[in-house]
Amino acid sequence: MNSFGKLFRVSIFGESHGESVGIVVDGCPAGLSLTADDLLPDLERRKGGKQKGTTPRQEADFPFFKSGTFNDKTTGFPIAIFFENNNTRSEDYAKQRSIPRPGHADWVAHQKFGGHEDYRGGGHFSARLTTGLVAAGAIAKKLMSGVGIHAEVIEIGGEKDLEKGLQNAIDAKDSVGGLLECRVTGLPVGLGEPYFDSVESVLAQMMFAIPAVRGVEFGTGFAAAKMFGSQHNDAIDDMTGKTRTNHAGGVVGGISNGNELVFRIAIKPTSSTPKEQTSLNWDTEQQETFSIKGRHDLCVALRAPVIVEAATAIVLADLMLQEQQIKRIVS
Numbered sequence: 001m002n003s004f005g006k007l008f009r010v011s012i013f014g015e016s017h018g019e020s021v022g023i024v025v026d027g028c029p030a031g032l033s034l035t036a037d038d039l040l041p042d043l044e045r046r047k048g049g050k051q052k053g054t055t056p057r058q059e060a061d062f063p064f065f066k067s068g069t070f071n072d073k074t075t076g077f078p079i080a081i082f083f084e085n086n087n088t089r090s091e092d093y094a095k096q097r098s099i100p101r102p103g104h105a106d107w108v109a110h111q112k113f114g115g116h117e118d119y120r121g122g123g124h125f126s127a128r129l130t131t132g133l134v135a136a137g138a139i140a141k142k143l144m145s146g147v148g149i150h151a152e153v154i155e156i157g158g159e160k161d162l163e164k165g166l167q168n169a170i171d172a173k174d175s176v177g178g179l180l181e182c183r184v185t186g187l188p189v190g191l192g193e194p195y196f197d198s199v200e201s202v203l204a205q206m207m208f209a210i211p212a213v214r215g216v217e218f219g220t221g222f223a224a225a226k227m228f229g230s231q232h233n234d235a236i237d238d239m240t241g242k243t244r245t246n247h248a249g250g251v252v253g254g255i256s257n258g259n260e261l262v263f264r265i266a267i268k269p270t271s272s273t274p275k276e277q278t279s280l281n282w283d284t285e286q287q288e289t290f291s292i293k294g295r296h297d298l299c300v301a302l303r304a305p306v307i308v309e310a311a312t313a314i315v316l317a318d319l320m321l322q323e324q325q326i327k328r329i330v331s
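Each residue of the sequence shown is one higher than the one before, starting from 1 at the first, in full-length UniProt numbering.
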């Protein structure tokens with residue numbers, strides 16, 4: 001339920017306004033040099049309050065290693081990493097407890113967990129928990145020498161001019177979504193399996209675990225439905241497997257073919273919008289007009305690139321361990 005992976009396995013824990021959030025990374029090879037400094041650059045990229053359109057909530061996000069390292073190297077046993085929550089304003093959520101916020105998990109969480117869930121800041125459903133994913137992704141990146149992972153926002157609110165898309169939302173006093181593209185270079189041929197453990201299957205599962213992701217497409221994606229087969233097919237140029245085009249996005253038959261892995265993800269508008277909305281008050285069982293309080297991202301897509309990179313790295317490190325492309329002891 002809260003774990004992912006076969007050999008490189010991650011388990012997340014915590015709540016947005018709880019004492020801490022964190023992650024346990026199991027299966028990381030022994031002997032990898034690892035300190036907090038290795039994680040800080042990516043953790044800094046994930047923080048709010050760093051650019052226009054992101055939440056003003058700021059946390060230190062310093063990674064506290066509780067196990068799995070000794071003498072600044074991994075031991076081969078589970079790595080537990082904690083992040084403290086110190087900048088919380090829980091009263092913003094207590095005031096609107098009776099009204100499940102549209103687009104959020106408030107209603108389904110209340111039904112599934114009988115009202116015992118921590119509702120503050122979205123609790124366990126919050127993107128605050130992606131802090132641990134980013135930390136695990138930084139570790140996975142260190143394991144994959146020669147593999148480059150880069151994600152970036154390519155559209156905001158349907159606009160390729162990102163500033164314009166963001167300004168449209170500011171002018172409308174509303175939230176907005178975005179489109180991200182991720183490219184991976186240096187992958188070996190042969191990762192993944194046909195059908196259920198295909199590269200696309202596993203990556204898509206992980207991408208949909210990131211809050212606010214609504215769609216994933218690989219290579220040409222949905223545009224392939226408008227093409228002829230002769231247009232979409234990628235001709236192989238040489239014995240390395242290099243292709244003249246890359247409509248497949250680096251994966252054929254569920255298996256990496258050595259070309260650049262390319263996929264895009266769609267991020268929905270932030271559910272917490274300044275606009276007045278109407279929802280059910282479950283105490284009165286009546287519709288009620290309200291506005292969401294608290295500190296939120298205008299466009300969550302802006303902070304997503306490093307999370308997407310981390311999630312991608314976790315998947316690929318696991319697949320590379322399965323193919324023995326990464327050894328269990330780092331030399």
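Every residue, glycine too, gets a C-beta built ideally from N, C-alpha and C.
Small disclaimer: the values here were computed from a predicted structure and weren't measured.
Assuming residue i is part of the alpha helix (DSSP H), what are its boundary residues?
| i | result |
| --- | --- |
| Thr312 | Ala304 to Gln322 |
| Leu179 | Careful: Leu179 lies outside any alpha helix (DSSP H), inside the beta strand (DSSP E) at Gly178 to Thr185. |
| Ala80 | First-last for Ala80: Ile79 to Glu84, but that is the beta strand (DSSP E), not the alpha helix (DSSP H). |
| Asp72 | That residue, Asp72, is in no alpha helix (DSSP H); it is neither H nor E in DSSP. |
| residue 411 | Nothing about residue 411 can be reported from this structure: the residues present for the chain run from 1 to 331 only. |
What residue range is occupied by the uninterrupted beta strand (DSSP E) comprising residue i?
| i | result |
| --- | --- |
| Lys66 | Phe64 to Ser67 |
| His150 | Gly148 to Ile156 |
| Gln277 | Gln277 to Asn281 |
| Leu261 | Leu261 to Ile267 |
| Asp61 | Per DSSP, Asp61 belongs to no beta strand (DSSP E) and is neither H nor E. |
| Asp26 | Ser20 to Asp26 |
| Gly14 | Arg9 to Gly14 |
Determine the DSSP secondary structure at residue i, reduced to helix, strand or coil.
| i | result |
| --- | --- |
| Gln286 | strand |
| Ser230 | helix |
| Arg328 | coil |
| Val189 | coil |
Quick one: using the 10 Å Cβ neighbour count with 16 as the cut-off for buried, is residue i buried or exposed?
| i | result |
| --- | --- |
| Asp161 | exposed |
| Phe218 | buried |
| Phe82 | buried |
| Glu155 | buried |
| Lys257 | Checking the sequence, you will find Asn at residue 257 rather than Lys. That one is buried. |
| Arg128 | buried |
| His124 | buried |
| Asn259 | buried |
| Met206 | buried |
| residue 332 | This structure leaves residue 332 out entirely; the chain is present only between 1 and 331. |
| Arg120 | buried |
| His17 | buried |
| Val202 | buried |
| Ser116 | According to the sequence shown, residue 116 is His rather than Ser. When all chains shown are included, His116 counts as exposed. |
| Glu200 | buried |
| Arg101 | buried |
| Ala60 | exposed |
Would you say residue i touches the ligand PLP, meaning its beta carbon is less than 7 Å from a heavy atom?
| i | result |
| --- | --- |
| Ile326 | Of ligands this structure carries none, so the ligand PLP is not represented either. |
Might you give, ordered along the chain, the residues of its own chain that have their beta carbon closer than 6 Å to the beta carbon of residue i, omitting 5 neighbours on each side?
| i | result |
| --- | --- |
| Thr35 | Asp72 |
| Pro274 | Lys173 |
| Gly5 | Asp318 |
| Gly122 | Ser16 |
| Ile12 | Asn2, Ile23, Leu129 and Gly132 |
Quick one: what's got a C-beta closer than 7 Å to residue i's C-beta in the same chain, skipping five residues either side?
| i | result |
| --- | --- |
| Ala136 | Val10, Ile23, Val25, Ala310 and Ile314 |
| Ala169 | Gly157, Ser175, Val176, Leu298 and Cys299 |
| Ile307 | Arg46, Thr130, Leu133, Val134 and Ile210 |
| Ala204 | Val216 |
Less than 8 Å between C-beta atoms, sequence neighbours within five positions excluded: which residues of the same chain meet that for residue i?
| i | result |
| --- | --- |
| Gly190 | Ile255, Ser256 and Glu323 |
| Glu288 | Ile99, Thr278, Ser279, Leu280 and Asn281 |
| Ala235 | Thr243, Arg244 and Thr245 |
| Arg97 | Tyr119 |
| Glu159 | Gly165 and Asn168 |
> Which ranges would you report for the beta strand (DSSP E) in the region 94-176 if only whole runs of at least 3 residues count?
Replying inline: Runs of the beta strand (DSSP E) inside the region 94-176: 148-156.
>> Just to confirm the assignment: which complete alpha helix (DSSP H) runs, minimum length 4, are found wholly within the region 196-256?
In response: List check, alpha helix (DSSP H) in window: 199-207 and 229-232.
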